[in-house]
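Below you'll find the structure, written out as structure tokens, and then a few comments.
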Amino acid sequence: MKTILTTIATLICLTSAIAGQRFDAAAWRNVQTYDVPTLLKQEASLVGKIVAVRFHYRSEKLRHLASSWYEASIWQHDPKAKSGYSALRVMVAKKDVPDFKTIPSDFNSTADVTVYGRIEKDPDNNLTNLRLLGRKVTTDAAGNATVAW
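For the sequence shown, the working numbering gives the first residue as 55, with consecutive numbering after it.
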């Protein structure tokens, strides 16, 4: 009996982990969409907020920072930027790296890609980053949203 209950509890935990991040309707209504240049100007005032970000491509390289986190960047063509591009630092959970790699890394890409994430401040190096939560959103009849890859 104990084994069965343990197995059921484990399956429930795994299902919720795979299912994605869930937000209630009130919180989801406040999620705003930004392009990369706009978010870069406002990110310090958005720490702790969930946002949607439109961009064109991701960096090819991912840097392994901690046992379960990778650092990368997302890029958008920006004629106002000196280099012609704007980049945003993102953190990707180890389990999400294969899904993140499905995003185009070709700098010639002009198709809009949208990701959802939480703006966070790294206290060790005083940098702001976007902790990615996923690309796909499903909402239920009550307006609650689930973000997943």
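Think of the CB as a built atom: it goes at the ideal place given N, C-alpha and C, for glycine as much as any other residue.
Please report the residue range of the alpha helix (DSSP H) in which residue i lies.
{"i": "lysine 95", "result": "90–96"}
{"i": "phenylalanine 154", "result": "151–154"}
Could you please give me the residues that DSSP links to residue i through a beta bridge?
{"i": "lysine 175", "result": "Thr182"}
{"i": "lysine 190", "result": "Ala202"}
{"i": "threonine 168", "result": "Arg108"}
{"i": "alanine 147", "result": "Trp123"}
How about residue i and residue j: do their beta carbons lie closer than 7 angstroms?
{"i": "leucine 100", "j": "isoleucine 157", "result": "no"}
{"i": "aspartate 160", "j": "tyrosine 111", "result": "yes"}
{"i": "arginine 108", "j": "threonine 168", "result": "yes"}
{"i": "alanine 202", "j": "lysine 190", "result": "yes"}
{"i": "glutamine 75", "j": "leucine 181", "result": "no"}
{"i": "serine 122", "j": "lysine 148", "result": "yes"}
{"i": "arginine 117", "j": "methionine 145", "result": "no"}
{"i": "threonine 85", "j": "alanine 106", "result": "Note on identity: in this sequence residue 85 is valine, with threonine being the wrong assignment. Yes, the Cβ-Cβ distance between valine 85 and alanine 106 is below 7 angstroms."}
Closest Cβ-Cβ distance between residue i and chain D: below 7 angstroms?
{"i": "glycine 102", "result": "Looking at the structure shown, chain D is missing, and only one protein chain is on hand."}
Taking only heavy atoms of the ligand MG into account, decide whether any of them is closer than 6 angstroms to the Cβ of residue i.
{"i": "aspartate 150", "result": "Absence of the ligand MG from the depicted structure is noted, as is the absence of any ligand whatsoever, leaving it without description."}
Curious, which full-length beta strand (DSSP E) runs of at least 3 residues does the stretch 72–143 contain? For the stretch 72–143, whole beta strand (DSSP E) runs of length 3 or above, ordered along the chain, are 75–77, 86–89, 104–109, 117–120 and 123–131.
Is it the case that the stretch 84–101 contacts the stretch 124–141, given that we only count it when at least three CB pairs across the two stretches are under 8 angstroms? By the Cβ rule, the stretch 124–141 counts as touching the stretch 84–101, because three or more pairs are nearer than 8 angstroms.
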